[in-house]
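Chains as they are written, first to last, in this note's numbering: chain A, 36 to 309; chain B, 164 to 452; chain C, 22 to 349; chain D, 117 to 431.
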Amino acid sequence: MPGRSVSFYISLGVVFVYCAVALFAPAIAPFDPFAISGSPLAPPDAAHILGTNDLAQDIFSRLVWGTRATLILGFLGAAISVALGTFGGIVSGYYGGRVDEAIMRFLDVMMTIPSFPLLLILTIFFRPGIYMTAVLMGFLGGLQGVRIIRSQVLSLAVADFVVGTKALGAGDGYIMARHILPNVLPLVGVKFIFSAQHFMVVGIGLGFLGMGDPAVVDWGQMIQRATQNGGIILGLWWWLIPPGLAVTFLSLALAWFGYAFEDRINPRLQVMRV
Amino acid sequence: MMHGACTMIDICDLKTYYSAGFLHRTEVRAVDGVSFGIEKGETLGLVGESGCGKTTLGRSVIRLIEPTGGRVVFDGTDVTALSRKDLRRFRRRMQMIFQDAYTSLNPRMRVSESIAEPLRIHRIEDRAGIDRRVRDLIEAVGLNEEHLNRRPYELSGGQNQRVVLARVLALEPEFIVADEPTAGLDVSVQAQILTLFRDIWREYHTTCLYISHDLGVVRAMSDRVAVMLKGRIVEIGQVADVLDHPCHPYTRLLVAAPVDDKEFSCPVSAGAPAMVEVRPGHWVEATAR
Amino acid sequence: MRAAYILRRLLYSAAAFGISVTIAFALLHFMPGDYITQYLEQIYVIAPPEIVRAYNRVYGLDRPLIEQYFSYFLGVLQGDWGYSLSYSRPVLAVIGEKLVWTLVIILPATVLAIIVGIVVGAYSGWKRGSKIDLALLNGMIFLRAIPSYWLALMILLIFAYYLGLFPLGGYVGLSALDTGIDPLDVMNHAALPIFTLFLFSVTGTYYLMRNSMLMTAGEDYIVTARAKGLDELTILRKHALRNAMLPMVTSIALECAGMITGSIFVETIFSWPGLGMLTFEALKVRDIPLLQGILLIDTLLVIVANIAADLIYPLVDPRVEVGDGART
Amino acid sequence: MTTEEPLLEVRGLTVGFPTVDGLVKAANTVDLEIRPGETLALLGETGSGKTVLGMAILRLLQPNTRIEGEILYRGRNLLSLSEGEMQKIRGREIAVVLQNTGTSLNPVLRVGDQIAEAVTLHRGLRGGDAEAAAVTLLDRVRIFDPARMAREYPHRFSGGMRERALIALALACEPSFLIADEPTRGLDAVTKREILDLFSEINPGRSVLFITHDIEAAATLAVRVAVMYAGEIVEIGPVDAVLSSPVHPYTRGLLASLPERGMRPIPGSSPSLITLPPGCRFSPRCTRAVGRCKKEHPELVEVGPDHDARCMYYD
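Here it is as C-alpha cells:
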C-alpha cells in the first residue's frame, strides 16, 4: 500500500515542521508576541505578514509562539494520559479479580461524568498554568485509556505464552514488563498520537473559552480575541483564520499519521481496510 | 492406593471449583475430587470430552490454577502447600506444554529469546552459557541455528511446537503436563512432534501427564490412561487394559465398544461412588444403582 | 429477571449521579479561595465584609462543610440546585430554560448523524476497498480532524457572513420583538448550528459503523448466507446490517458526551442560547453554582443515554441474557 | 461404473490468491469428477487446497481470487454463469456445510428462521409453512424437541447441535450435490461418530464431496478418496485401494503417520504455495525421489482399476 506509506511520511514531516517552529520560535518570530509593534488591526504588509490584532501585536509572531503552547498541551497531555492508561490497564487487566473490579467500578462512575465540563470546572478552580492544564487533561484522558489497554491485556493475560511463562517460574512484575507491555506498546503508540491530537484541539478549545493560561500565547486565546473583539463583524480574515488553520492543519497531520501508523502495526486491519 | 513404590506425583482428592454469574452465583466443579499417582518416568494419558475438566486438572496439578482443595505431592514435596515464592523456584521441576504452540510463544520475541528466557528467569547460566545451551536445545528438537532469529509467525505450527519443547526442556523438568500438544496439527506433523516427544522423554526419563481427546494418540504415547467424566476420574489403568477392555459405560461409549459385553461389566456400588479394582492396576468407578 | 436487571442499572446510575454530585460539591468547596469572594471581587474592588458575610449566610458557607454537603445533596434531590449568581435565579430554572434550546439543535443533529453515519458507514464497509469507500473514508478522517470550534467558525463565515444565506447568530431575528417567536425563523437560525453539530458527530458514527461492518463482512455466517443462494442486498440487509449495528448501540450513547462538548463550542460561536452558551457565560463570570448545575445536568444526560443503551442492547442482541451486564 | 455421466466435473481448475508476498497457488490444474450418488472424500492437510476447491465450486471465494479452468455441473460451466444464475444454484442444487461450525450461523437470528429463509427462497414456502419445514428438517438431523429448538438462537446450541443445524440448512432444498467442509473438525469422539452416522443416513443417493483431514472419517463415509498435496491431487481411487494399498509416497507417508499405523513421520514440511518446488511437488520430502522427480512434473496415471496416482514410478 504505497499510498498509506506516503501519507505516513508526509504527515510525519508536517509534525516535524511544527516541532521545529516551536523549538526555534524566538528565531523565526520577527516580534515579541506580547509587544505593541505597530498600529492596531493593521492588514498584512511586509513587516507584519499577517497584520496586527486589536492590541497592535504582530499576529505572525503570536502564531509562531503559539505553536509551543499547542505542542506542550498535546504531547505532555498525551504522555501523561498514555502512561496512566497503560499502567492502570495492565495492572487491572493482568491481576483481574478484585483489583480489576475496583478499578472498573471507579472508571464506570468517572466515565458517567462528561469529561469536558468536568475539565472546565477543574480549570476554573485550579487556575492551572499551561503545564498543569496538560496534566489535568492527561489525567482525565488516561481514565479512558485504562479501559482500552485493559481490554487488550485481558486477553493477553490468559494467553498461553503468559501462562507458560508463569509456569516457568517468572514473577508478575517480570511478566508484565517483558510480555504484556511489549504486546500493548503498538496500541499505546497509536493511542499516544490520537491523544496528542485530541489534547491539542481540546487545549486550544479551553483557550477559546477563555480558560487559557494568560501568561502564554496560545492559538485558542487568539481565536477568542478575534471572534469576541470584532474579527467576524469586521471580516478581518488575517486575524480570524491563521490560528484556526494552524491547529486544523496540525490536527489533520496527526490524524493522518495516526491512521497510517495504525495500518502499519496492525496487519489484520491492513488486510481488511483495503 | 493405585500405584507402585517410586511415585513421582501423588494427587489426593484434588478439587477445583469455579464460581460464575453475578446475581445467581453458580459453582462449577471442574475438578471434583480426583486422586491418582504417576510413577517416575511414566506417561499417564488423560482422556475425556471437551469440558470434562481435563485442562483444569492439568493446570491445577502444577498450580497454574489454584485448586480449591486436595493435595498434590511432587517427589515428597507438597506442592499445594508451597508459598508463592517457593512455588516459583519449584516450577523448574514441573512444566507445561499447551495445545496451540503459536500462542504459547510471545509474538514479539525471537526464538532464541524464548528459549533463553527460562534460563534467565532462574539465573541458571551466564551469557555465554545461555548461548551454548540455546544452540544445543534447538538442535535437540530438530531445528537449526538459522531458526533462532525467527519469530513465531515466521514458523509453521510444527516448528513452533518444537520451539516450545526446547523452551520447556531448558529447565530439564522432571514432570511435564502436555495439554493436547498436537490437537491443531496435521497428522504428518503430529507424527513428527509425537515421536520427538517420546524420544526426548525417554532420554530424560521425564514423567508426563498427557492430556488428549484422541484415543489413538493416547494409546501411542502413554503407559497408563485415565478417563475423565464431569470432573471425576471414572476409569484408570494400563492403556491396553482400559482401551481394549473398558468397564465404565462412558469409556465404552468413548471407544465404541459393544454395549452388551458381560465380561467387563461395570461394578455397581450401593452407596457413594467409589473406585473398585477390577483387575490388577485397573480401577473403575462403581456406578451407583 | 428483566425487572431486576433494569433495577440494578438504575441503582448503579443513581450511585454514579450521587458521586458526581459529591465531586461537584467537593471540587467547589475544598479548593483554595471560596467562590463568593471571587465573584464579589468582580463587582467590588474590595468587597465590604458585611456583604461577603451576607452572601456567605445565604449560600450557607458559614456552616460546617459536612452540613453544607448534606444540605446540598438533599437540595439537589429536591430540585434545589442552588442559586445562580449572575442570573439571580434558581440554577435549575435557568438550566431548564436553556436545555430546551440545546435539545432543539442537539436532537435533530444526533438523529441525522446516526442515520447518515450508519447508512454511509455500512455502505463503505460493505464495499470495502472500492474507490467510493476510500473517498468516503478519507473525507471522514479529514472532517473528524477539524476542531469543532474551527468548523463552526468556518461554516459561520462562509454561509452566514460571505454568502449571507443564514443569520449570523442568535435564535430569532429582530422581528420577533414585534411578532413573537416564529418557528420558521427559529429553524432558519438553527440550521447552521444543527449542520455543524451533525458534521461534528457523523464522522464518529461513520467510522464505528464502517469498522463494525468490516468485521461483520468477514464473518462465516455471511458465507453461509451466500451459500444459501441469497442475493447481496438481502445478505447486507438481513444478515450483515443487524450484526454490525450491535456495537453501535453503546457507542452512540458514548457519543452523547461528545455532543455536549461540541455544543459548548457551536452554541458559543453561533450565539445559540442553549446550555453550551450558558456554560461559556458562566465561565466568563465565574458563576460557580451555575457551573455546578451544568455539570450535574450533563451527567444526567449521559446517564440517560447509557440507560437507554443498556435497555436497547438486550433487545437487539439475543446473546445478552437479561441479567448479565450488557457491556463488558 | 465409470461409464456413468459425472454429476460434477472439475477440469484444469487453478486457483490463486494475490498477496503481498506473491501469488499463492492454492490449487493447480485439478481434475476431478463426482459421480451421481457417490461420496467422494477429499483428503488433505492444512494448505493442501481442499477447502479452496470446495469453495471454488460454489464460487464463494474472495472477489480478488484468480480462477481458471472449468467446473461443469450437469454440463453447465459454473464459472461462466452470471451471479444471478449462480445464486439459483447455491443452496438449491449445490449446498455446503461450512467449517467453523461455531461462527457459521448468524448469532442474531433464530435457527429456525435461518433454515426457513432457504426454504422460502428456493421452495417458495412462506411463513408458517416454511417454519414447519424448518422444524421437520431439524427433526431429520435428530435435534431433540425440534419445534422448541427452531425458536432458539445459535448460542443456545452445543457444537454438535450447530453442526446438525448446518446440515439441516444444507438439506433444506434437497440439493443433488452436497459439499461438506470438515464437518467433524473439533468435535469429540462420540459426537463425531454421531455426525458421521447422520451423514451416511441422510445422503442415500446424493452426491457428496466430503472435505476432511480425518482419514478415519474418510474411510467411514467415502466410496472414493482423492488425496491432495500442495494444491494438486496426488492420488485418487476407491476408498479400500487408496487407504489399504496406497501408491503415492505421500499417501503412504500420511497413513504411516497415524498413531494407529505406527506413527512413522514423513520428514520435512509442506512446501510454500508461493514458490513450489520444481518437478514433483513431493520430491523434496520423498525418500524414493530420484533425479528425474526433481525436474519433471508427473501426471496422474492409472495404477489400478479406477485408481490413479501422480508419481514417476508408475509413469
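We put the beta carbon where it would ideally sit given N, CA and C, even for glycine.
* Report the rounded CA-to-CA distance for L220/A versus W364/B, giving the unit in angstroms. => Here residue 220/A refers to the residue found at position 185 of the first sequence. Here residue 364/B refers to the residue found at position 201 of the second sequence. Each residue's Cα considered, the two are about 38 angstroms apart.
* Would N327/C be called buried (16 or more neighbouring beta carbons within 10 Å of its own) or exposed? -> Residue numbering aside, residue 327/C sits at position 306 when the third sequence is read from its first letter. Answer is buried; the Cβ neighbour count reaches 16.
* Does DSSP put T87/A in a helix, a strand or coil? -> To locate residue 87/A, count along the first sequence from 1; it is residue 52. In the structure shown, T87/A sits in a strand (DSSP, three-state: E or B).
* **Any 3 or more C-beta pairs closer than 8 angstroms across the segment 388-408 of chain B and the segment 431-449 of chain B** => yes
* To do: Just the C-alpha distance for I184/A and A329/C, rounded to the nearest angstrom, thanks.
  => Start at 1 with the first residue of the first sequence, and residue 184/A comes out as number 149. Start at 1 with the first residue of the third sequence, and residue 329/C comes out as number 308. Rounded to the nearest angstrom, the two C-alpha atoms are 26 angstroms apart.
* Beta-carbon proximity check, L289/A vs S96/A, cutoff 9 angstroms -> In the first sequence, the residue the question calls residue 289/A occupies position 254. In the first sequence, the residue the question calls residue 96/A occupies position 61. The answer is no: Cβ separation not under 9 angstroms.
* If you compare alpha carbons, which of G314/C, I333/C, L336/C, P85/C is closest to M98/C? -> Walking along the third sequence from the start, residue 98/C turns up at place 77. Residue 98/C is actually Leu in this sequence, not Met. Looking at the Cα atoms, G314/C is the closest of the given residues.
* To do: Check whether the segment 235-255 of chain A touches the segment 103-118 of chain A, counting contact only when three or more Cβ pairs, one atom from each stretch, lie closer than 8 angstroms.
  => yes
* Do V140/D and I173/D have their CB atoms nearer than 9 angstroms? -> To locate residue 140/D, count along the fourth sequence from 1; it is residue 24. To locate residue 173/D, count along the fourth sequence from 1; it is residue 57. No, these two residues do not count as a Cβ contact at 9 angstroms.
* To do: Scan the segment 276-295 of chain B for residues whose Cβ lies nearer than 9 angstroms to a Cβ of chain A and list them as they occur along the chain.
  => S277, E280, P281, I284, H285
* Asked: Buried or exposed: D308/C, going by 16 or more other Cβ atoms within 10 Å of its Cβ?
  -> If you number the third sequence from 1, residue 308/C lands on position 287. When all chains shown are included, D308/C counts as buried.
* **Straight-line Cα distance separating A35/C from P335/C** => Residue 335/C sits at position 314 when you count from the first residue of the third sequence. Residue 35/C sits at position 14 when you count from the first residue of the third sequence. Computed Cα separation, rounded: 21 angstroms.
* Asked: Which residues in the same chain as R206/D place their Cβ atom closer than 7 angstroms to its Cβ, once the five residues preceding and following it in sequence are excluded?
  -> Indexing the fourth sequence from 1 puts residue 206/D at position 90. Cβ neighbours of R206/D beyond the five flanking positions: L174.
* With distances taken from CA atoms, which of P270/B, P430/B, G320/B, M384/B is nearest I300/A? -> In the first sequence, the residue the question calls residue 300/A occupies position 265. The candidate whose alpha carbon is nearest that of I300/A is P270/B.
* Asked: When DSSP labels each residue in this structure, what does Y181/B get in the three-state scheme?
  -> Position 18 of the second sequence holds residue 181/B. In the structure shown, Y181/B sits in a strand (DSSP, three-state: E or B).
* **Outcome for N218/A when other beta-carbon atoms lying within 10 angstroms are tallied against a minimum of 16** => One-based indexing of the first sequence puts residue 218/A at position 183. Buried, because 16 or more other Cβ atoms sit within 10 Å of the Cβ of N218/A.
* To do: Report the option in F284/A, G266/A, Y44/A, I125/A whose CA atom is closest to the CA atom of P78/A.
  => By one-based count along the first sequence, residue 78/A stands at place 43. Answer by Cα proximity: G266/A.
* To do: Kindly indicate the opening and closing residues of the beta strand (DSSP E) around H445/B.
  => One-based indexing of the second sequence puts residue 445/B at position 282. H445/B -> beta strand (DSSP E) spans 445-448.
* Using the rule of at least 16 other Cβ atoms within 10 Å of the residue's Cβ for burial, across every protein chain shown, is L251/C buried or exposed? -> Start at 1 with the first residue of the third sequence, and residue 251/C comes out as number 230. Classification for L251/C: buried.
* In terms of residues, what are the limits of the alpha helix (DSSP H) holding C409/D? -> The count along the fourth sequence starts at 1 and reaches residue 409/D at position 293. Run containing C409/D: 407-411, per the alpha helix (DSSP H) assignment.
* Own chain residues within Cβ distance below 6 angstroms of I293/B, not counting five before or after -> Position 130 of the second sequence, counted from the start, is the residue given in the question as residue 293/B. Excluding positions up to five away in sequence, the list reads A279, L282.
* Kindly indicate the opening and closing residues of the beta strand (DSSP E) around M257/B. => Within the second sequence, numbered from 1, the residue matching residue 257/B stands at position 94. Segment 257-260, the beta strand (DSSP E) holding M257/B.
* When the Cα atoms are used, what is the spatial distance from S72/A to L189/C? -> Mapped onto the first sequence, residue 72/A falls at position 37. Mapped onto the third sequence, residue 189/C falls at position 168. When rounded, the distance between both Cα atoms is 32 angstroms.
* Where N180/D and D304/D are concerned, what is the direct C-alpha to C-alpha distance, given to the nearest angstrom? -> As a first step, residue 180/D must be located in the fourth sequence, where it is residue number 64. As a first step, residue 304/D must be located in the fourth sequence, where it is residue number 188. Those two C-alpha atoms are separated by around 36 angstroms.
* Asked: Taking all protein chains shown into account, do 16 or more other C-beta atoms lie within 10 angstroms of the C-beta of M117/D, making it buried, or fewer, making it exposed?
  -> The residue given as residue 117/D occupies position 1 in the fourth sequence. Reliability fails at M117/D, whose pLDDT of 45 lies under 50, so the model's placement of it is uncertain and no value is given.
* Within the 9 angstroms Cβ cut-off, does R303/A reach chain B? -> In the first sequence, residue 303/A corresponds to position 268, counting from 1. In this prediction, R303/A scores a pLDDT of 46, lower than 50, which makes its location untrustworthy; no coordinate-derived value is stated.
* Between the segment 235-252 of chain C and the segment 207-222 of chain D, are three or more C-beta pairs nearer than 8 angstroms? -> yes
* **Chain-ordered chain C contacts of R206/D [CB-CB under 9 angstroms]** => Numbered from its first residue, the fourth sequence carries residue 206/D at position 90. Within chain C, the residues near R206/D are R247, A248, K249, G250, L251.
* Residue ranges of each beta strand (DSSP E) run of no fewer than 3 residues wholly in the segment 190-256 of chain D, ordered along the chain? -> 210-213
* Asked: What separation, rounded to the nearest whole angstrom, lies between the Cα atoms of L417/B and R190/D?
  -> In the second sequence, residue 417/B corresponds to position 254, counting from 1. In the fourth sequence, residue 190/D corresponds to position 74, counting from 1. C-alpha separation (whole angstroms): 42 angstroms.
* Selection from M280/C, V323/C, R258/C, I44/C that minimises the alpha carbon distance to L157/A -> Translated into the one-based positions of the first sequence, residue 157/A becomes position 122. The option with the nearest alpha carbon to L157/A is I44/C.
* To do: Using alpha carbons as the reference points, say which of P344/B, A264/B, R296/B lies closest to P315/B.
  => As a position in the second sequence, residue 315/B is number 152, starting the count at 1. Here the closest residue by C-alpha is A264/B.
* Asked: Mapping DSSP to helix, strand and coil, what is M165/B?
  -> The sequence position of residue 165/B within the second sequence is 2, counting from 1. With a pLDDT of 47 at M165/B, under the threshold of 50, the modelled position of that residue is not reliable, and no figure is offered here.
* To do: Return the residues of the segment 298-313 of chain D that lie within a Cβ-Cβ distance of less than 7 angstroms from chain C, sorted by chain order.
  => none
* Cα separation between F51/A and S286/A? -> Start at 1 with the first residue of the first sequence, and residue 51/A comes out as number 16. Start at 1 with the first residue of the first sequence, and residue 286/A comes out as number 251. Between F51/A and S286/A, the C-alpha separation is close to 13 angstroms.
* Could you have a look at A296/D and say whether DSSP puts it in helix, strand or coil? => Sequence index remark: in the fourth sequence, residue 296/D carries index 180 (1-based). Strand, per DSSP.
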